[in-house]
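Student: Just so we're aligned, residue 425 is where the sequence shown starts under our numbering, counting upward by one.
Even for Gly, the Cβ is constructed at its ideal location relative to N, Cα and C.
Would you mind keeping the following structure in view while I ask a few things?
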Amino acid sequence: METKLLRGEQERDLQEAARLLRAGETVAFPTETVYGLGANALDADAARKIYAAKGRPSDNPLIVHIYDRAQLEMLTDQISETAEKLMDAFWPGPLTIIFHRRPGAVPDCVTGGLDTVAVRMPNHPVALRLLRMADLPIAAPSANLSGKPSPTAVSHVEHDLSGRIAAIVSGGSCAVGVESTVLDVSGNAPVILRPGGITREQLEAVTSEPVIYATPHGSTVETPRAPGMKYTHYAPEAPVYICTGTPEEIAEKIDHRLEVHKGRAGVMLSRQTLRLLQNADENLVVNLGSRDDLKQIACNLFAALRYFDDSDVEAIYTEDFPAEHIGVALMNRLDKAAGSKKI
Ligand code: TXA
Ligand code: MG
Numbered sequence: 425m426e427t428k429l430l431r432g433e434q435e436r437d438l439q440e441a442a443r444l445l446r447a448g449e450t451v452a453f454p455t456e457t458v459y460g461l462g463a464n465a466l467d468a469d470a471a472r473k474i475y476a477a478k479g480r481p482s483d484n485p486l487i488v489h490i491y492d493r494a495q496l497e498m499l500t501d502q503i504s505e506t507a508e509k510l511m512d513a514f515w516p517g518p519l520t521i522i523f524h525r526r527p528g529a530v531p532d533c534v535t536g537g538l539d540t541v542a543v544r545m546p547n548h549p550v551a552l553r554l555l556r557m558a559d560l561p562i563a564a565p566s567a568n569l570s571g572k573p574s575p576t577a578v579s580h581v582e583h584d585l586s587g588r589i590a591a592i593v594s595g596g597s598c599a600v601g602v603e604s605t606v607l608d609v610s611g612n613a614p615v616i617l618r619p620g621g622i623t624r625e626q627l628e629a630v631t632s633e634p635v636i637y638a639t640p641h642g643s644t645v646e647t648p649r650a651p652g653m654k655y656t657h658y659a660p661e662a663p664v665y666i667c668t669g670t671p672e673e674i675a676e677k678i679d680h681r682l683e684v685h686k687g688r689a690g691v692m693l694s695r696q697t698l699r700l701l702q703n704a705d706e707n708l709v710v711n712l713g714s715r716d717d718l719k720q721i722a723c724n725l726f727a728a729l730r731y732f733d734d735s736d737v738e739a740i741y742t743e744d745f746p747a748e749h750i751g752v753a754l755m756n757r758l759d760k761a762a763g764s765k766k767i
């Protein structure tokens with residue numbers, strides 16, 4: 425299949441993307457978190473094309489994207505007061521809310537057969553315009569091959585999915601760079617199934633009740649409630665190791681490893697830790713940003729993981745970051761990329 429490259433800032437290109445979506449095809453598009461791979465959420469055949477293009481296990485449900493609260497009616501018949509408050513505060517934005525699924529509303533292959541449906545309204549002008557033009561709820565997982573880091577630039581989508589999907593809409597690089605927070609509000613206390621762009625503290629400021637993590641600090645322990653969390657994720661080709669300790673200890677450990685690998689190792693570190701390294705080859709170094717700005721580090725992470733796939737490094741070394749605020753989402757993704765390997 426030839427994949428069309430469409431420009432998100434061009435009206436005619438967006439119309440073509442909307443036409444393809446309405447015709448049951450798959451179209452990748454930018455959001456503020458990561459690029460998504462969209463298809464008509466009301467059409468089982470269209471949704472199945474997403475699973476095929478990504479190589480995604482079919483029990484891992486998709487997030488449905490909408491541009492207008494009125495579209496929710498189609499998907500769910502139960503909107504709690506807490507959900508209302510959260511939507512008022514964070515939509516459009518990187519918060520996905522799990523709702524009870526209106527019987528028969530979306531095909532089983534979209535929800536993995538669950539009686540719930542995950543919904544979000546992305547905060548990206550291109551995504552919102554495309555959703556409005558298509559005027560359909562659009563199922564969209566991240567637009568990467570299953571298991572690979574999520575795409576935060578159009579080149580990442582082309583790399584993974586060219587030839588496998590109908591079109592890619594461009595829209596620059598993603599401002600948040602980690603996926604949305606997935607929140608279940610169906611029980612007594614709101615539960616974070618996947619930490620993401622909206623932090624627990626931000627949620628609690630709105631719910632005025634405690635918000636809990638499904639797993640301690642959103643760690644990588646399997647949680648059957650967000651089925652996607654149990655699969656290998658975000659993994660570059662080379663193994664990733666998270667180095668712990670003070671910045672000095674981390675730099676010392678990595679310098680030693682770089683000697684052992686005779687230059688065939690990559691490092692992705694904060695600016696502060698990079699400054700302490702002696703043995704780094706500048707071609708195999710990614711500066712993730714300042715340790716004082718974990719948002720920036722989170723935003724740069726997926727591109728950094730992909731960078732090393734174009735080199736022949738034997739290993740990638742990174743550092744431990746504080747798992748607080750956006751750092752919870754950051755460390756969740758980093759732990760998965762590393763398969764929890766720490767040194
Ligand atoms: O930021 C994002 O959320 C991006 C952009 C494209 O919107 N999308 C994204 O989708 O990350 P995906 O498919 O890569 O991750 C969706 C996550 C998975 O962990 C999945 O298991 C969970 O949401 N999920 C989807 N529907 C669910 C449901 N009904 N109940 C529980 N978890 C659900
Ligand atoms: Mg994904």
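1) Among all the DSSP beta bridges, which residues are the ones paired with Asn-711?
2) Who are the Cβ neighbours of Glu-628 in its own chain at under 6 Å, not counting the five residues just before and after it?
3) Regarding Ile-767 and ligand 1, is the C-beta to nearest heavy atom distance less than 8 Å?
4) Residues bridged to Val-593 by DSSP?
5) If we count the other Cβ atoms within 10 Å of its Cβ and call it buried at 16 or more, is Pro-565 buried or exposed?
6) Please work out which residues of its chain come closer than 7 Å, Cβ to Cβ, to Thr-506, disregarding the five sequence neighbours upstream and downstream, and give them in chain order.
7) Between the Cα of Phe-448 and the Cα atoms of Asp-584, Ala-551, Val-684 and Lys-473, which residue gives the shortest distance?
8) Given 8 Å as the limit, is there contact between the segment 545–563 and the segment 432–444, that is, 3 or more CB pairs closer than that?
9) If contact is defined by three or more beta carbon pairs under 8 Å, each pair taking one atom from either stretch, is the segment 579–593 in contact with the segment 481–497?
10) DSSP three-state call for Arg-544: helix, strand or coil?
11) Would you list the one or two residues that DSSP bridges to Val-451?
12) Which residue wins for smallest C-alpha separation from Phe-726, given the options Ala-739, Leu-700, Glu-676 and Val-710?
13) By Cβ distance below 8 Å, which residues in the same chain neighbour Asp-437 in space, the five residues on each side in sequence not counted?
14) Do you know how far the Cα of His-685 is from the Cα of Gly-763?
15) Rounded C-beta distance between Ala-476 and Ala-463? I'm assuming under 8 Å.
16) Taking the C-alpha atoms as reference points, what is the distance between Leu-758 and Tyr-491?
17) Would you list the one or two residues that DSSP bridges to Ala-563?
18) Looking at the secondary structure, which residues open and close the alpha helix (DSSP H) in which Tyr-475 lies?
19) How would you call Glu-743, buried or exposed, if buried means at least 16 neighbouring beta carbons within 10 angstroms?
20) Among the candidates Val-664, Thr-457 and Glu-633, whose CA atom is the shortest distance from the CA of Leu-797?
21) Gly-642: buried (16+ other C-beta within 10 angstroms of its C-beta) or exposed?
22) State yes or no: is the C-beta of Gly-690 nearer than 8 Å to some heavy atom of ligand 1?
23) Determine the direct distance from the alpha carbon of Val-530 to that of Leu-538, and round the result to whole angstroms.
24) If I measure Cβ to Cβ from Lys-766 and keep anything under 6 Å in the same chain, skipping five residues before and after, which residues do I get?
25) Express the C-alpha separation of Met-511 and Ile-721 in angstroms, rounding to a whole number.
26) Taking Tyr-615 as part of the beta strand (DSSP E), name the residues at either end of that continuous run.
27) For the alpha helix (DSSP H) that contains Cys-723, what are its first and last residues?
28) Closer than 6 Å between the C-beta and any heavy atom of ligand 2: which residues qualify, listed along the chain?
Tutor: Let's see:
1) Leu-693
2) Val-635
3) no
4) Leu-430
5) buried
6) Val-609, Pro-614 and Thr-631
7) Note on identity: in this sequence residue 448 is Gly, with Phe being the wrong assignment. Considering only alpha carbons, the answer is Lys-473.
8) yes
9) no
10) strand
11) Gly-462 and Ala-591
12) Val-710
13) Leu-430, Arg-431 and Val-593
14) 20 Å
15) About 11 Å; that fails the 8 Å criterion.
16) 31 Å
17) Ala-463 and Val-488
18) 468–478
19) buried
20) Outside the displayed range of the chain (425 to 767) lies residue 797, so it cannot be described from this structure.
21) Only weak support is given to the placement of Gly-642: the predicted model assigns it a pLDDT of 49, under 50, and the value that follows is read from those uncertain coordinates. Buried: at least 16 other Cβ atoms inside 10 Å.
22) no
23) 11 Å
24) Ile-666 and Thr-668
25) 27 Å
26) The sequence given here places Val at residue 615; Tyr does not occur at that position. Here the beta strand (DSSP E) through Val-615 covers 615–618.
27) 718–731
28) Pro-565, Ser-566 and Ser-574
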